[in-house]
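Only one structure is covered here, and it is reproduced in the block below.
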Amino acid sequence: MAHPTDDRNFRLPTTVRPTAYEASLAVDLDGRRFTGRIRIGLALAAPTSELVLHAAALEIPRAAVTAGGGRREAAVRLATASETAVLSFDAPVPAGPAVLELEFAGAIVNGLRGLYLAGPGLAATQFEAADARRVFPCLDEPGFKAPWRLTVEAPRDAVVLSNGRPEQVEELEVERRAVRRVRFAETPPLPTYLVALVVGRLEALPEVSVRGIPVRTWASPEKLGLTGFGQDVAVEVLPRLEDYFGVPYAFGKLDQAGLPEFEAGAMENAGLVTYREVALLLDPATASLAQKKRVAEVVTHELAHQWFGNWVTMTWWDDLWLNEAFATWMAFKIVDAWNPGWRVWLEFDQGKAAAMHLDALRSTHPIRADVNNVAEAGEAFDLITYEKGGAVLRMIEGYLGEERFRDGIRLYMRRHARANAVADDLWGALAEASREPVVELANAWIRQPGFPLVTVSRAGRTLRLEQQRFWSDPARAGEEPAAGWPVPLVLRVGQGGKVTEQRVLLRGRTAEVALAGEGEPDWLCANAGATGFFRVKYDAAGLAALGRNLAALAPAERIQLLSDEWALVRSGAREIGAFLDLCAGFAGEEDHAVLDELVARLATVEHRLVADADRPALQGFVARLFAPQLAATGWDAAHGEPDTVRLRRAAAVRALGLVGRAPGPAQEARARLDRWLAGDRAAVEPNLHDALVAMVARDGDAARFEAFQKLFRKEADPAFRRRYLLAQAAFEDPVLAARGIEVLLGGEDVPLQDVASYSAALLANRTARGPYWARLRGEWGALLARVHGAPMLLRRVVEGLGALVERRELEEAEAFLAANPVEEARQAIAQTLERLRQDVELRERTTAQVGAWLARGGR
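The opening position of the sequence shown corresponds to residue 21 in our numbering, with each subsequent residue numbered one higher.
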């Protein structure tokens, strides 16, 4: 085994396992320090003169072990590279039970991991993937589960929350300080990354009991009124999750806490889920439907983890996807059952499409990726792990059927209760419940990167199918993987107004399928419901038939058709003119989700592929598509207007105002936003506010810039506050664009959690991009140092470079990142540069074609 002092890949030996933790922690918010004591029950499989546990940025002045009837003091050596503490004893500690006792101390940090400052008068923990070691000396790997009992001392006026229920609360004087001491109930066995603590200024509405489980949602006192919706979601979905898993909620109580500073979207700590405020808090009267859906999905995702991840835990980080993919899929399933009118599976498909974009790169990775150390574990929190993993689970459920899939999940939960598991444990349970070859099917999808392109051609009622790996790089077209995929296709066939379905499992490279029935089909969709994780390339006749029958396709199928055809353009398999012809065929589209996809594709054309001389023609094309949409809905929402109309209006406004840059909508946006800011809430329908802020900022003057700055500083609602912040990065007047750059690089006005988003917004701004990119390279070290305590944000900063456009910028980025490597973002750098190379090549290949198509009047 590698010695822990010099190997970042060091893993703790399994010959020493924790059996229980009992810790006391004193938190000094003013002094930004903590001190503590911890007793760790251990089981030793063999005698040892040395014990190794994790510790990072801690002082450990004393450690001792009691075992075999004797007590031994330890010499403590801290190994920085491996983030461990090596405890050496003058005589071997015997095999069997032992109790390790340590004293420790550390700092409350300014970053976003360990115990950190989460807001004014507020500290919180974030331990995933491996940062419990920054607060407690412990065995900080997911395979070591043990119960925790925690006692916390904090200032008397502070709220103290942890995983367990408070068992005892005392108010006392400690060294002339007024202190509250809270003793929490012992938890079920937990891995260290799920232990949590929040201390400081928080308030909650009265708790709600759900099947005997008290549920509370906490926020800073001034935001207490924004907690009701997130609380309602938890109350609604918790019993649905209990019923699905067939296992009662195990953690005694459920607290949800919205934190002003938070690295990720949320964290599923057992019994104490922490959130970025924008993912939990909202005002239902002013929030858009997208915000409500997002909060519902995030809350449900984190509560699904209470079973999948917390009750049954992965053994090591290479099965991180087991946690995240399942929670991703489960959240949409539960929210859809609770509120089917929201059609949340269409949002799921958006995430799937983003994962497919990433998975078509050479620098992608399998869903189940080898993870050698915790730094690599941090890079695994990406679209492949979450969205592709969730899509593959949905595909497998569709193949097995809902009931057999659920039966397998329940078997898995019972068999591995309170313990750890690996992927094959899940597949084995599903195979046992369904009597289907799940292991073969699932491992083919999770253990190799990429996904298939299924080419479909038809002669009469004979369908020919062929699969090969899909690459977005035209230079790699035709390259094959070592093995194909078992591809479960559901075919939808339209003929004479009737629609039939037929299921096919494509096992080999090619297959011929006889369609049931007689006569000539009118159209065929080879990915019914868009549930398959593959792309489809139709022959010319098949694509033309779909174009003539768009109304017969489900919205998800129309979205997938646009997504597939765009991907084929990127890969060089389709001409951009043919894709724009397809877009023109959606002129009569009324479904807001399909319109959203159309807007997204046209926004990419506007950002990357159109020459300045051709912009007026593109704007005219966008106006022809979307002006009738806005004319049909109008700007004002009627009383009782359905969400479908509200969202159709929002798509039209985004298209006309942000993509088409039409002067009429821009003027209307300014007038309506001013009325809204003056107190007339009827002036802006909630689903329009985000787009209107962006439109007004882009064309705004100095007075508008200063107004957004003031709004950002005083706004309590996290979604509105974030809009006003990012608006400062959107001004296109050169002087104001320079001020927007200064907001980020000249001061500390941008919250740490928003640094990466703000940086990406500057790079997306056509005026700010050049000067910001030049200045960013000069101040790269300072910006990275700013986000160093939040490695996920560091990777997001790198990913924001994907907004660069020109080949010169690409070459500068390649040279700069080669000279300034970022160890924690190696994968993000590889993926960002690969995608940017393809974007630049696409621009060079298609800009003239786009201009020619527009010159023909969009025909």
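Ideal Cβ placement from N, Cα and C applies to all residues, glycine included.
Discussion item. By the DSSP assignment, the beta strand (DSSP E) with K557 in it spans what residues?
Written reply: The sequence position of residue 557 within the sequence shown is 537, counting from 1. That run of the beta strand (DSSP E) goes 555-558.
Item to complete: Put R201 into one of helix, strand or coil per three-state DSSP.
Response: In the sequence shown, the residue the question calls residue 201 occupies position 181. Three-state DSSP puts R201 in a strand.
Worksheet item: Between the stretch 469-484 and the stretch 543-554, do three or more beta carbon pairs fall short of 8 Å?
Response: yes
Discussion item. My output table needs one value for Y41: the three-state DSSP class, helix, strand or coil.
Written reply: On the sequence shown, residue 41 is found 21 positions in, with the first residue counted as 1. Y41 falls in the strand class under three-state DSSP.
Worksheet entry | Secondary structure, alpha helix (DSSP H): runs of 4+ residues fully inside the stretch 418-464 | Secondary structure in the stretch 418-464: the alpha helix (DSSP H) runs of 4 residues or longer, each lying completely within the stretch, are 422-435, 443-454 in chain order.
Practice prompt. In the DSSP assignment, find the beta strand (DSSP E) that holds R236 and state where it starts and stops.
Written response: Within the sequence shown, residue 236 is the residue found at index 216, counting from 1. Note, R236: beta strand (DSSP E), 233-239.
Worksheet entry | Strand pairing of T104, partner residues [DSSP] | Here the question's residue 104 lines up with position 84 in the sequence shown. In DSSP, T104 forms a bridge with H74, A99.
Discussion item. Rounded to whole angstroms, what is the Cα-Cα separation between K372 and Q729?
Written reply: Stepping through the sequence shown from its first residue, residue 372 is reached at position 352. Stepping through the sequence shown from its first residue, residue 729 is reached at position 709. Rounded to whole angstroms, K372 to Q729 spans 35 Å at the Cα level.
Worksheet entry | C-beta contact flag for R133 and G798 at 8 Å | By 1-based counting over the sequence shown, the position of residue 133 is 113. By 1-based counting over the sequence shown, the position of residue 798 is 778. Taking 8 Å as the cut-off, the beta carbon of R133 is found no closer than this to the beta carbon of G798.
Worksheet item: What is the rounded straight-line gap between the Cα of W358 and the Cα of G250?
Response: Taking the sequence shown and counting its residues from 1, one reaches residue 358 at position 338. Taking the sequence shown and counting its residues from 1, one reaches residue 250 at position 230. Cα to Cα, W358 sits roughly 14 Å from G250.
Worksheet item: Could you give the distance in angstroms between the alpha-carbon of S102 and the alpha-carbon of K165?
Response: Locating residue 102 in the sequence shown gives position 82, where the first residue counts as 1. Locating residue 165 in the sequence shown gives position 145, where the first residue counts as 1. Computed Cα separation, rounded: 21 Å.
Worksheet item: Candidates L225, N547, D110, R154: which alpha carbon is nearest F124's?
Response: Residue 124 sits at position 104 when you count from the first residue of the sequence shown. When only C-alpha atoms are compared, the closest one is R154.
Discussion item. Please return the same chain residues whose Cβ sits closer than 7 Å to the Cβ of G760, not counting the five positions on each side in sequence.
Written reply: The residue given as residue 760 occupies position 740 in the sequence shown. So the qualifying residues of the chain are Q748, A749, F751, L782, A788.
Discussion item. For the beta strand (DSSP E) containing C545, name the first residue and the last one.
Written reply: Taking the sequence shown and counting its residues from 1, one reaches residue 545 at position 525. Element bounds for C545: 543-545.
Discussion item. So G184 and G61 are supposed to be a Cβ contact under 8 Å. How far apart are they, rounded?
Written reply: Walking along the sequence shown from the start, residue 184 turns up at place 164. Walking along the sequence shown from the start, residue 61 turns up at place 41. Rounded, the Cβ-Cβ distance is 17 Å, inconsistent with contact.
Worksheet entry | Per-residue DSSP class, three states only, for V36 | Residue mapping note: residue 36 aligns to position 16 of the sequence shown, counting from 1. Three-state result, V36: strand.
Item to complete: In the DSSP assignment, find the unbroken alpha helix (DSSP H) run with W586 in it and report its ends.
Response: Stepping through the sequence shown from its first residue, residue 586 is reached at position 566. In the DSSP assignment, W586 falls within the unbroken alpha helix (DSSP H) covering 575-590.
Practice prompt. Reducing DSSP to helix, strand and coil, say where V870 ends up.
Written response: Within the sequence shown, the letter at position 850 stands for residue 870. Note: V870 maps to helix in three-state DSSP.
Item to complete: Please report how far the alpha carbon of D402 lies from the alpha carbon of R91, in whole angstroms.
Response: Against the sequence shown, residue 402 aligns to sequence position 382. Against the sequence shown, residue 91 aligns to sequence position 71. When rounded, the distance between both Cα atoms is 46 Å.
Fill in: Assigned secondary structure, T530 (DSSP; H/G/I helix, E/B strand, else coil)
Locating residue 530 in the sequence shown gives position 510, where the first residue counts as 1. Note: T530 maps to strand in three-state DSSP.
Worksheet item: Counting pairs of Cβ atoms below 8 Å between the stretch 143-162 and the stretch 408-423, do you hit three or more?
Response: no
Discussion item. Assuming contact is defined by CB atoms lying nearer than 8 Å, are P494 and S583 in contact in what I supplied?
Written reply: Residue mapping note: residue 494 aligns to position 474 of the sequence shown, counting from 1. Residue mapping note: residue 583 aligns to position 563 of the sequence shown, counting from 1. No, the Cβ-Cβ distance between P494 and S583 is not below 8 Å.
Discussion item. Does A310 come out as helix, strand or coil in the three-state DSSP assignment?
Written reply: Reading the sequence shown from its first residue, position 290 is the one you call residue 310. A310: helix per DSSP, three-state reduction.
Discussion item. Could you check whether D275 and W331 sit closer than 8 Å to each other, using their CB atoms as the reference points?
Written reply: Within the sequence shown, numbered from 1, the residue matching residue 331 stands at position 311. Within the sequence shown, numbered from 1, the residue matching residue 275 stands at position 255. Cβ atoms of W331 and D275: not closer than 8 Å.
Discussion item. Let me check understanding here. Comparing Cα to Cα, which of L678, R176, R621 lies closest to A374?
Written reply: Taking the sequence shown and counting its residues from 1, one reaches residue 374 at position 354. Measuring from the Cα of A374, the nearest candidate turns out to be R621.
Worksheet item: Considering only residues of the same chain and omitting the five flanking positions on each side of E610, which have a CB-CB separation below 7 Å?
Response: In the sequence shown, the residue the question calls residue 610 occupies position 590. Excluding residues within five positions, the ones whose Cβ falls inside 7 Å are R668.
Fill in: Proximal residues to W349 (C-beta, below 7 Å), its chain only, five neighbours per side dropped
Translated into positions along the sequence shown, residue 349 becomes position 329. These residues qualify, in order along the chain: G410, L413, R414.
Worksheet item: According to the Cβ coordinates, are I80 and V96 closer than 8 Å?
Response: Here residue 80 refers to the residue found at position 60 when the sequence shown is read from its first residue. Here residue 96 refers to the residue found at position 76 when the sequence shown is read from its first residue. In terms of Cβ geometry, I80 and V96 form a close pair [threshold 8 Å].
Discussion item. Pairs of beta-carbons, one from the stretch 213-232 and one from the stretch 32-49, closer than 8 Å: are there three or more?
Written reply: Counting Cβ pairs under 8 Å, three or more are found: they touch.
Worksheet item: Can you find at least 3 beta carbon pairs, one from the stretch 597-612 and one from the stretch 380-395, that sit closer than 8 Å?
Response: no
Worksheet item: Going by beta carbon distance, what residues of the same chain come within less than 8 Å of A587, once the five residues before and after it are set aside?
Response: What you label residue 587 is simply residue 567 of the sequence shown in a count that begins at 1. Once the five neighbours on either side are set aside, the close Cβ partners of A587 are M376, H377, A380, F490, S492, R555.
Practice prompt. Taking only the alpha-carbon atoms, compute the straight-line gap between D656 and T624 and give it to the nearest angstrom.
Written response: One-based indexing of the sequence shown puts residue 656 at position 636. One-based indexing of the sequence shown puts residue 624 at position 604. Going from the Cα of D656 to the Cα of T624 covers about 28 Å.
Fill in: DSSP three-state assignment for S779, whether helix, strand or coil
To locate residue 779, count along the sequence shown from 1; it is residue 759. In the structure shown, S779 sits in a helix (DSSP, three-state: H, G or I).
Worksheet item: Is W696 helix, strand or coil by DSSP?
Response: Here residue 696 refers to the residue found at position 676 when the sequence shown is read from its first residue. The three-state secondary structure of W696, taken from DSSP, is helix.
Item to complete: Determine the extent of the beta strand (DSSP E) in which L64 is found, giving its start and end residues.
Response: Numbered from 1 along the sequence shown, position 44 holds the residue referred to as residue 64. Per DSSP, L64 belongs to the beta strand (DSSP E) from 53-64.
Worksheet item: Identify the residues that DSSP records as bridge partners of V179: which are they?
Response: Counting from 1 along the sequence shown, the entry for residue 179 is found at position 159. Beta-bridge pairing links V179 to G220.
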